[in-house]
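For the sequence shown, position 18 (counting from the first letter as 1) is numbered 90 according to this note's numbering, and the numbering increases by one without interruption. Note that beta-carbon positions come from the ideal geometry of N, C-alpha and C, so glycine has one too. Following: one structure in structure tokens, then a few remarks.
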Amino acid sequence: MIKVLFVCLGNICRSPMAEYMFKDLVKKRNIDNKFIIESRATSSEEIGNDMDIRAKRKLSENNIPISKHTAKKLTIDDYYNFDYIIGMEKANIINILRIIKEDKDEKVYRLLDFTNKKKDIDDPWYTNNFDITYNELNEGLNSFLTYLIEKGEV
Ligand code: 4NP
73 MIKVLFVCLG
83 NICRSPMAEY
93 MFKDLVKKRN
103 IDNKFIIESR
113 ATSSEEIGND
123 MDIRAKRKLS
133 ENNIPISKHT
143 AKKLTIDDYY
153 NFDYIIGMEK
163 ANIINILRII
173 KEDKDEKVYR
183 LLDFTNKKKD
193 IDDPWYTNNF
203 DITYNELNEG
213 LNSFLTYLIE
223 KGEV
């Protein structure tokens, strides 16, 4: 089982979008039984809240199924329970490391580092551009899956 945790600041926009998009991606390839996929926040601001309505709308426009979402904060136990901890931007990675203290098993990645772009995914909470976010997540998630396949993990 490959355990993947997507992480952003609030766990109401980017990381739940990544969670549901990656669930859809692996389901369409009939490999969903090999994965556990969840998402978390680094901040406490939105804990307990549902996904942002704009993020839900963008997923719905692209026929990505969702289930009931409740924003949760990353804990140090998550570090031990997951194989891949995937953040959205440099600031996220710094906040992840602050929570987990030390990435001794080298599990922490930035999503677009799996692509040629090697850049941050901007926060759509501030940019209000969920199209760019969706497209960048899509590119990052496909590259991440290719990485796992090439590594022989899937
Ligand atoms: P996310 O977006 O990290 O993609 O979920 C944000 C959601 C909420 C806040 C910031 C970013 N906030 O400041 O409450």
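Neighbourhood of residue i by C-beta distance below 7 Å, restricted to the same chain and skipping five residues each side
i	result
Lys106	Met73, Ile74 and Val226
Glu211	Thr187
Ile119	Ala113, Ala143, Lys144 and Lys145
Rounded straight-line distance, which links the Cα of residue j to that of residue i
i	j	result
Ile148	Lys189	29 Å
Tyr198	Lys100	31 Å
Ala90	Ile171	21 Å
Ala113	Lys128	17 Å
Asp122	Met93	17 Å
Asn200	Ala163	19 Å
His141	Ser116	15 Å
Asp194	Asn135	23 Å
Glu222	Asp175	23 Å
Tyr181	Tyr152	15 Å
Same chain only: Cβ atoms within 8 Å of residue i, ignoring 5 sequence neighbours per side
i	result
Asn240	Because the chain in this structure spans residues 73 to 226, residue 240 falls outside the shown range and cannot be described.
Ser87	Phe78, Val79, Cys80, Ser111, Arg112, Ala113 and Met160
Lys130	Met89, Phe202, Asp203, Thr205 and Tyr206
Same chain, Cβ closer than 6 Å to residue i, five either side skipped, listed in chain order
i	result
Phe154	Lys75 and Leu77
Asn167	Thr114
Residue i beta carbon near the ligand 4NP (any heavy atom closer than 7 Å)
i	result
Glu211	no
Gly82	yes
Ser111	no
Glu91	no
Ser116	no
Asp304	A question about residue 304 goes unanswered here, because the residues of the chain that appear run from 73 up to 226.
*Which runs of the beta strand (DSSP E) spanning at least 3 residues fall entirely within the segment 80 to 131, listed in chain order?*
The DSSP assignment places complete beta strand (DSSP E) segments of no fewer than 3 residues inside the segment 80 to 131 at 107 to 113, in order along the chain.
*Could I get the ranges of all uninterrupted alpha helix (DSSP H) runs contained in the segment 148 to 210, with 4 residues as the minimum, in chain order?*
DSSP runs (the alpha helix (DSSP H)) wholly in the segment 148 to 210: 148 to 153, 162 to 172 and 196 to 199.
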